[in-house]
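Below is one structure; the comments refer to it alone.
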Amino acid sequence: MNLAGHYNYWVAIFLMMTGFYVVISRGNLIKKLIGLNLFSTSVFILYISLGKIHGATAPIADDRFQLYSNPVPHVLILTAIVVGVATTAVGLALITRIYEQYGSIEEDDIRIKDESL
Amino acid sequence: MELFIDITLLTFLCITAMAITVIRKLFCAVMLASIFSLLCACLFVTMDAVDVAFTEAAVGSGISTVLMLAALNLTHSREKRPPHQPLVALLVVGVTGIVLMYGTMDLPVFGDAAAPIHHHVAPRYIEQSPLEVGPPNFVTSILASYRGYDTLAETIVIFTAGLSVIALLGIRDRYAGRPIPSDRSAMKDYVVLRIVAKMLMPFVFLFALYVQFHGDYGAGGGFQAGVIFASGVIIHSLTLGRDRTLKAFPHQFLRGLATVGVLIYGGTGLASILRGGNFLDYSVLAATQLKGQHLGIFLVELGVGLTVFSIMILMYYAFSYRREP
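Chains as they are written, first to last, in my numbering: chain A, 1 to 117; chain B, 118 to 442.
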């Protein structure tokens, strides 16, 4: 078992689980969104780790280099990051509207208000 | 040395993530998330993903933080103590983590050139794209040409997200058709910050243009350029006051620009159909294949850049104009 060989993946999973924990254990909606971002960023780390080759260089063609890291995960993650911020913004807009309606962004307060209707 | 940097950055990432979990002030959590993104960008550079690092630095620690802070300004900035015991959550997270770790046992070792992922389409892209498409940056070739459909769909997702934010929050121009009172400057009392930020602005715009038009040759492209241009406008808004920014970059104009961006992208695809090729097959756009590809990628990246730029600014407007003082 090569410890250094899987270190990146394990840390990515640890970070993923930290994000997951924030999403399910916290009642604050903005904190949940931060947790969700943490989760998605860790997925990015996992993807990019899989594309890395030892001794390779960035995937930009140059006569001096022969070995390049895999560009396919880079393309996938590049667009995922921008789409991620766009969807985060939609989430934040919904949270803002919820706050204006309920006066709170805590899940439990919102549930109490909903039940008292 | 590379391994040392890798492990240091990953350790810092873990510490930041733990701090985000524990801290109850949301402002601090947002700033920590920004630091997390910046560390991630550094990590991506060590793993040769320069384009991704660029995007993560501009989006994750830039625009994303600005939007989060703007949303905090509209809501509460302090988290309540969670009422339930975290034991069940910890159990669920622990079990999921162990299962996932078990899954990684079958993954190839980090950095292994013999891994299956490097023996499918990637070698073909690396060998053929300079001959078929042209740009030395493989990421640009794949993004704009080989996987042009995906990128078109992602541009439309961003466009739709922008529309949803505007539909949910709306943008109000308080000084529509009226002059702005001269005392309404955001950072009147911070002379050093204001002047330095003002001097920085043209360079940010210039850099964004460089990233946009040099993306074929080095790291960069439409997504990054759009976000960097948008951060230049946000500096404008922070130093000169948001009402002045709304005058300089009216939201009606930006809405049009976002649509034009998507239309340029789709229109390039239609143009290639009209010239006898497939949708988004740029080879038929000019006399030779490489010239056609070059023109196609230029247009498509321009469309992406325009859409991303205007949607980011419109989102910023939607949050920062929500509650009127």
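Think of the CB as a built atom: it goes at the ideal place given N, C-alpha and C, for glycine as much as any other residue.
The C-beta of N395 (chain B) has fewer than 16 other C-beta atoms within 10 Å across all chains shown, which makes the residue exposed. Residue nearest to H237 (chain B) within the set A:Y21, A:D62, A:V72 and A:F44 is A:V72 (criterion: CA-CA distance).
For D114 (chain A), no chain B residue has a Cβ inside 9 Å of its Cβ, as the nearest lies near 16 Å away.
A direct Cα-to-Cα measurement between I132 (chain B) and D108 (chain A) gives close to 29 Å.
With contacts defined by Cβ atoms closer than 7 Å, L126 (chain B) and L155 (chain B) do not form a contacting pair.
The C-beta of F39 (chain A) comes no closer than 7 Å to any C-beta of chain B. Contact check for G420 (chain B) and Y382 (chain B): beta-carbon distance about 4 Å, within the 8 Å limit, so the pair qualifies. Beta-bridge partners of T57 (chain A) (DSSP): A:Y68. Contacts between Y102 (chain A) and chain B, judged by CB atoms closer than 8 Å, are missing: the closest CB pair is about 10 Å apart. In the assembly as shown, H6 (chain A) is a buried residue. Its beta-carbon has 16 or more other beta-carbons within 10 Å. A Cβ-Cβ distance of about 19 Å is found for the pair F426 (chain B) and A314 (chain B), leaving them out of contact under the 8 Å criterion.
The alpha-carbon separation between L412 (chain B) and V379 (chain B) amounts to approximately 17 Å. Ranking B:D290, B:G349 and B:T257 by CA distance to the CA of D333 (chain B) puts B:T257 first. Going by DSSP, L269 (chain B) is part of the alpha helix (DSSP H) stretching over G265 to L286.
For P319 (chain B), the uninterrupted alpha helix (DSSP H) segment begins and ends at V308 to F330. Around I105 (chain A), the beta-carbon contacts reaching into chain B at under 8 Å are T192 and H193. Where L155 (chain B) is concerned, the enclosing alpha helix (DSSP H) starts and stops at L143 to T163.
In this structure, the straight-line span from the alpha carbon of A261 (chain B) to that of L285 (chain B) is close to 31 Å. Straight across, the Cα-Cα distance linking V377 (chain B) with L76 (chain A) is about 24 Å. When the beta-carbon positions are compared, T424 (chain B) and T272 (chain B) come within less than 7 Å of each other.
For F65 (chain A), the closest Cβ of chain B is not nearer than 7 Å. When DSSP reads this structure, E106 (chain A) sits in a beta bridge with A:N28. In this chain, the alpha helix (DSSP H) harbouring R361 (chain B) covers R359 to A365. Residues of chain A with a Cβ closer than 8 Å to the Cβ of M135 (chain B) are, in chain order, T18. In its chain, beyond the 5 residues on either side, P253 have a beta carbon closer than 7 Å to the beta carbon of P247 (chain B).
DSSP places M218 (chain B) in the uninterrupted alpha helix (DSSP H) bounded by L204 to T221.
With respect to the C-alpha of V167 (chain B), the residue from B:T356, B:Y438 and B:G335 having the closest C-alpha is B:G335. Segment contact: the segment 356 to 363 of chain B against the segment 194 to 208 of chain B, fewer than three CB-CB distances shorter than 8 Å; contact not assigned. If you look at K408 (chain B), you'll find it in the alpha helix (DSSP H) that goes Q406 to S437. I112 (chain A) places its beta carbon 7 Å or farther from that of I105 (chain A). For S181 (chain B) against T88 (chain A), the beta-carbon gap comes to about 6 Å, under 8 Å, which counts as contact. In the three-state DSSP reduction, G349 (chain B) falls in the helix class (H, G or I). Here P59 (chain A) is buried, its C-beta having at least 16 other C-beta atoms within 10 Å. Checking the DSSP bridge columns, you'll see G177 (chain B) has no partner listed. Taking C-alpha positions only, F322 (chain B) is separated from E249 (chain B) by approximately 32 Å. Taking the Cα positions, L38 (chain A) is about 15 Å away from W10 (chain A).
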